[in-house]
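Just add 2 to wherever you are in the sequence shown, counting from 1, and you've got our numbering.
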Amino acid sequence: MESSHALFLGLLQGFTEFLPISSSAHLILTPVFFGWSDQGVGFDLSVHFGTLLAVVLYFRRDVFGIARDGLVSLSRRKLVGQGALAWYLVIGTIPAGLAGLALLDLIDTVLRSPTIIFATTLIFGILLGVADWRPSRHRTMDSLSWKDALIVGLVQALALVPGTSRSGVTITAGLFLGMTREAASRFSFLLSIPIIVLAASVKLLEVATSDVAVDWSGFLTGGITSFIMAITAIHFFLKWLNKVGMWPYVIYRLILAAVIYAVLMN
């Protein structure tokens, strides 16, 4: 893998992972647009590690508090502090984890087609816009229930289809549940941690059991660049959230869908 390709794809993955525009779609479509060879499972593993480190570091206080209170709640057999949120993150992760195991081969083959990516980019972009337009969004993360977590988790499973966007679809679900933009986004970002851990574990298993040599130069480039770009994207997304809302991402998705249709489907 050429170093320039690894640099570009690492930056692209880090930038798109936590924005509601689908990182998987961009990683699939970019090599197609430019005629590059597939980046390989080793590179996918590196950018998963990079984005995981970024979100954990950025939300380190939340992560530490939730993990601590979750373990204390488990040992005491009663909810302590943010113990409920810890369980909600578990509940929200289960549907996507099970769906990923059941549909792994389908995800890596049939669902990567430009037609499917065009449809998911367009449809879920429109849904994000509709959700952001809705009034009376006042719920905070303190008001979450296990039913809310389950609904967001079930919706998150849809993000296994490229073009859907994990962050986009979970934020959309949160907004439809009446959550504020900030609450929906923070829950989405926290929910990304166990999902990225699971995805990275699958990629790690693939690397460990395959005979394909890992391009360590590309691995390091992808991991470092995705980390830097991801932590930057998270910071500015949350900083500008209430000023710009979701519509810049909705418009981008509509433009991207038009480009996919014009270039890859005609």
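Beta carbons: idealized from backbone N, C-alpha and C, even for Gly.
Anyone know if the C-beta pair for residue i and residue j falls short of 7 angstroms?
i, j, result
"Ala264", "Thr123", "no"
"Ala151", "Ile93", "yes"
"Ala186", "Ala98", "no"
"Gly12", "Ser228", "yes"
"Ser167", "Ser24", "yes"
"Leu100", "Ile198", "no"
"Gly180", "Arg139", "yes"
"Phe20", "Ile236", "yes"
"Ile173", "Ala56", "no"
"Phe36", "Gly224", "no"
"Phe189", "Met143", "yes"
"Val27", "Ile119", "Correcting the residue type first, residue 27 is Ala in the shown sequence and not Val. A contact, by the Cβ cut-off of 7 angstroms."
"Ile1", "Leu162", "The structure shown does not extend to residue 1, since the chain is modelled only from 3 to 268, so the question has no answer here."
What would DSSP say about residue i, mapped onto helix, strand or coil?
i, result
"Ala143", "Sequence inspection shows Met at residue 143; the Ala mentioned does not correspond to that position. If DSSP states are grouped into helix, strand and coil, Met143 belongs with the helices."
"Met267", "coil"
"Met231", "helix"
"Pro125", "Per the sequence shown, residue 125 should be read as Ile rather than Pro. If DSSP states are grouped into helix, strand and coil, Ile125 belongs with the helices."
"Gln15", "helix"
"Ile253", "helix"
"Lys80", "coil"
"Arg114", "helix"
"Ser6", "helix"
"Phe20", "coil"
"Pro137", "coil"
"Ser212", "coil"
"Gly247", "coil"
"Asp71", "helix"
"Asp107", "helix"
Kindly list the residues whose CB is nearer than 6 angstroms to the CB of residue i, restricted to its own chain and excluding five residues on each side of it in sequence; keep chain order.
i, result
"Val252", "Gly127, Leu130 and Gly131"
"Gly72", "Gly85 and Ala88"
"Gly83", "Asp71"
Work out the CA separation of residue j and residue i for me, nearest whole Å.
i, j, result
"Lys80", "Trp89", "12 angstroms"
"Ala133", "Val65", "27 angstroms"
"Trp38", "Thr32", "8 angstroms"
"Leu9", "Gly220", "8 angstroms"
"Leu243", "Arg141", "16 angstroms"
"Ile230", "Gly16", "7 angstroms"
"Leu206", "His7", "21 angstroms"
"Ser147", "Leu76", "18 angstroms"
"Asp213", "Leu193", "33 angstroms"
"Phe61", "Met248", "21 angstroms"
"Tyr254", "Thr18", "12 angstroms"
"Gly157", "Ile68", "Reading off the sequence shown, one finds Val at residue 157, where the question assumed Gly. Those two C-alpha atoms are separated by around 23 angstroms."
"Val112", "Ala104", "14 angstroms"
"Lys245", "Ile153", "27 angstroms"
"Leu177", "Phe238", "20 angstroms"
"Thr182", "Pro22", "16 angstroms"
"Leu91", "Val171", "16 angstroms"
"Gln41", "Ser5", "11 angstroms"
CB-CB under 8 angstroms to residue i, same chain, minus the five flanking residues each way: which ones, in chain order?
i, result
"Pro116", "Leu31, Val34, Ile262, Leu266 and Met267"
"Val209", "Val43, Gly44, Leu47 and Val216"
"Val58", "Val65 and Ile195"
Can you list, in chain order, the residues of its chain with a C-beta nearer than 7 angstroms to that of residue i? Leave out the 5 residues immediately preceding and following it.
i, result
"Arg271", "The question about residue 271 has no answer, for the chain in this structure spans 3 to 268."
"Gly155", "Ile93, Gly94, Thr95, Ile96, Pro97 and Ala98"
Segments of 4+ residues assigned as alpha helix (DSSP H) that fall wholly inside the region 29-64:
43-60
Could I get the ranges of all uninterrupted beta strand (DSSP E) runs contained in the region 140-199, with 3 residues as the minimum, in chain order?
none
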